Ligand code: 5AD
Ligand code: SF4
């Protein structure tokens, strides 16, 4: 029996895809490279922008012939768009077997077991009658041997918290994911240890506001995010710990201190700023302004001089003027991000900002996005070119290809040994990838 998982959206969605796959893998499914080769497909959907949602819905539509060709096949739709549109998805795509919203992911193994048991048993009987010559039940896919939900065979995600207690006016995440909940300290460490034992050299801690994590451990003592970072970094086999996405509010001195003390943790921070205009930031309810954001980044850079910062920006938020947008460009000039994810504002039903008018014309949004991207590309290219000639530590992720500690992609070819740290001398740049030679 074969399973194909597609995750749209963020890294949390990819990681959730792995968790959603687990009960099926435990029943003997193994990974298929494409839906056509699969008996079961899990789509983990995203709803953060309309475009992300449309892509997922269109794939559900395109899977209709696959499903109808053999009604024993199983189609599961999960995630953030499933949370928002569950009943509508059931009506619009009646051939979907199971719809599970993002809030239910913790209960998912039980939901799947109950809803799908009869179907899976029938499938198992069929596959026993027509064996496909494989017996893998380990959860490892065929090529490129990456466990489902991992970012590569050497990089494993560990979800430490879910949900968000903030109420940024444009954002649907608190609606579809609910309020913050933290996974217990011991559970997180056990998962990180298990993944390290399976070959993970880099652990990516995940959460919507990942650094707000805290939990009372079994010894009765409360642990905060910096404590967790240290404990994960100390696990045998773990060479790097990264985390996404931190909230600026919890990027405090204790976290900076921890990053200074952990090799392989303080080389990159993703700090979504969204806008450079104080007026727009207030409308977005971001709780910081142009100056206070840059002041915090300044403190971070003073403590960790080589840290690279990346960011997210939204253009065309309702009422955004040319002057507001100029402030965003000015902020980018000051921030010098190593890379940037820039988005056109997309109204999400039920959010505060969607109650107002989406009044920035599409052509203006497009033009602002192009100008912003041109500026951000300059910084991204500058950061890449500045590295040529240096020798850097690279984690081999897929064989001759991997990342630096600060998150830049590097290709060197041979020797190729996924999971190995090696020193690579950087010789050039191709698009967004550094080229180099192993030393
Ligand atoms: N429109 C456009 N971009 C959005 N983001 C979140 N909500 C919206 C929206 N309604 C962007 C933000 C966030 C990233 C994950 O997606 O930049 O940081
Ligand atoms: Fe998309 Fe946000 Fe859900 Fe991630 S958490 S899948 S970005 S809506």
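Numbering (my numbering), first residue to last: 220 to 658. All C-beta atoms, glycine included, are put in the ideal place defined by N, C-alpha and C. Computed from a predicted structure; not experimentally measured.
Item                                                                                                                                                                        : Value
Opposite residue 615 in the DSSP bridges: which residues?                                                                                                                   : 621
Compute every distance between the C-beta of residue 229 and the non-hydrogen atoms of ligand 1, then say whether any falls below 7 Å.                                      : yes
Give the straight-line distance between the Cα atoms of residue 493 and residue 471, rounded to the nearest whole angstrom.                                                 : 20 Å
Let me know if residue 560 comes out buried or exposed under the rule of 16 or more other beta-carbons within 10 Å of its beta-carbon.                                      : exposed
For residue 539, is the classification buried or exposed, using 16 other Cβ atoms within 10 angstroms of its Cβ as the cut-off for buried?                                  : buried
Note the first and the last residue of the continuous alpha helix (DSSP H) segment covering residue 545.                                                                    : 541 to 554
Could you check if residue 267 belongs to the surroundings of ligand 1, using beta carbon to heavy atom distance under 7 Å?                                                 : yes
If you check the beta carbons only, do residue 520 and residue 483 fall under 8 Å apart?                                                                                    : no
Tell me which residues share the same chain as residue 456 and place their Cβ nearer than 6 Å to its Cβ, disregarding the 5 neighbours each side in the sequence.           : 415
Hey, residue 404 and residue 434 are a contact pair by Cβ (cut 8 Å); roughly how many whole angstroms apart?                                                                : 5 Å
Could you tell me the alpha carbon to alpha carbon distance between residue 280 and residue 313, rounded to whole angstroms?                                                : 11 Å
Who are residue 371's beta bridge partners in DSSP?                                                                                                                         : 374
Identify the continuous alpha helix (DSSP H) that holds residue 240 and give its terminal residues.                                                                         : 230 to 245
Please classify residue 649: is it buried, with 16 or more other beta-carbons within 10 angstroms of its beta-carbon, or exposed?                                           : exposed
For residue 473, which residues of its own chain have a beta-carbon under 8 Å away from its beta-carbon, when the five flanking residues on both sides are left out?        : 443 and 445
Under 6 Å Cβ to Cβ from residue 369, same chain only, skipping five residues before and after it: list those, please.                                                       : 375
Does the separation of the CB atoms of residue 570 and residue 388 fall below 8 Å?                                                                                          : yes
Can you tell me which residues form a DSSP beta bridge with residue 493?                                                                                                    : 532
Put residue 350 into one of helix, strand or coil per three-state DSSP.                                                                                                     : Unreliable placement is indicated for residue 350, whose pLDDT of 45 sits below 50; no coordinate value is reported for it.
My output table needs one value for residue 565: the three-state DSSP class, helix, strand or coil.                                                                         : coil
Assess contact between the region 578 to 597 and the region 616 to 633, defined as three or more Cβ pairs (one per stretch) separated by less than 8 Å. Is contact present? : no
Which residue comes first and which comes last in the alpha helix (DSSP H) that contains residue 523?                                                                       : Where residue 523 is concerned, there is no enclosing alpha helix (DSSP H), given that its DSSP letter is neither H nor E.
Under the criterion of a Cβ to heavy atom distance below 7 Å, does residue 565 qualify as lining ligand 1?                                                                  : yes
Return the CA-CA distance between residue 425 and residue 243, expressed in angstroms with no decimal places.                                                               : 23 Å
Relative to the C-alpha of residue 488, which candidate in 513, 500, 462 and 469 has its C-alpha closest?                                                                   : 462
Starting from residue 410 and walking both ways along the beta strand (DSSP E), at which residues does that stretch end?                                                    : Run containing residue 410: none in the beta strand (DSSP E); it sits in the alpha helix (DSSP H), 404 to 416.
What residues in its chain sit with their C-beta under 8 Å from that of residue 552, if we drop five residues either side in the sequence?                                  : 594
Could you give the C-beta distance for residue 628 and residue 597, rounded to a whole number, given that I count them as a contact under 8 Å?                              : Not confirmed; about 19 Å, so no contact.
Jot down the residue ranges of each uninterrupted alpha helix (DSSP H) in the region 436 to 523, minimum 4 residues, whole runs only, in chain order.                       : 444 to 452, 472 to 480, 497 to 503 and 509 to 522
Would residue 603 pass as a contact of residue 554 if the rule is Cβ separation under 8 Å?                                                                                  : no
Using C-beta distances below 8 Å, list every residue in its chain close to residue 338, excluding the 5 sequence neighbours before and after it, in chain order.            : 291, 293 and 316
Residue 643 by DSSP, collapsed to three states: which one?                                                                                                                  : strand
Taking the Cβ atom as the reference point for each residue, do residue 562 and residue 533 lie within a distance shorter than 8 Å?                                          : yes
Is residue 657 close to chain D? Criterion is C-beta to C-beta, closer than 8 Å.                                                                                            : Structure shown: chain D not included; a single protein chain is present.
For my contact list, residue 451 and residue 422 are in at a C-beta cut-off of 8 Å; report their separation, rounded to the angstrom.                                       : 5 Å
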